[in-house]
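Worksheet: the structure to be examined is printed underneath.
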């Protein structure tokens with residue numbers, strides 16, 4: 504079970520920006536979408552590469568290698584060549600700090 508990991512003060516993650524943090528060996532991308540924080544594992548389920556090198560278009564991130572699209576809010580794979588979702592992880596604000604945890608094995 505993973506504990507909560509500090510990402511950054513909420514004031515340092517403006518709408519449209521993201522940060523990547525290590526949570527128990529998994530790279531996790533935390534996004535600010537219009538003032539709401541969302542976290543997904545920073546991995547394309549098509550080829551295992553990082554997603555955060557790609558463009559963010561609205562609520563979607565585009566894989567920089569093969570163009571697969573993922574929903575930042577849900578982790579859902581939205582287009583080929585990815586068919587499996589990437590993991591969505593819980594995010595919270597604690598004393599003005601954005602935190603994330605990996606609860607997949609709880």
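In my numbering, the protein residues as written are 504 to 609. Note that beta-carbon positions come from the ideal geometry of N, C-alpha and C, so glycine has one too. Only a predicted model underlies this, so the values are computations on that prediction, with no experimental measurement involved.
Report task. Would you mind sorting residue 504 into buried or exposed? The rule is 16 or more other CB atoms within 10 Å of its CB. Result -> Summary for residue 504: the model assigns pLDDT 49, below 50, so the residue's position carries little reliability, and this model does not support an answer.
Query raised in the report: Between residue 593 and residue 569, which are expected to be in contact by the criterion C-beta below 8 Å, what is the C-beta distance as a whole number of angstroms?
Result: Not a contact, Cβ separation roughly 28 Å.
Query - Residue(s) in a DSSP beta bridge with residue 536 - result: 539
Query raised in the report: Taking just the CA atoms, how far does residue 581 sit from residue 572?
Result: 5 Å
Requested in this report: Could you name the residues of the same chain whose beta carbon sits closer than 6 Å to that of residue 530, not counting the 5 residues immediately before and after it, in chain order?
Outcome: 523, 545
Requested in this report: Note the first and the last residue of the continuous beta strand (DSSP E) segment covering residue 455.
Outcome: Residue 455 lies beyond the range of the chain shown here (504 to 609); nothing can be said about it.
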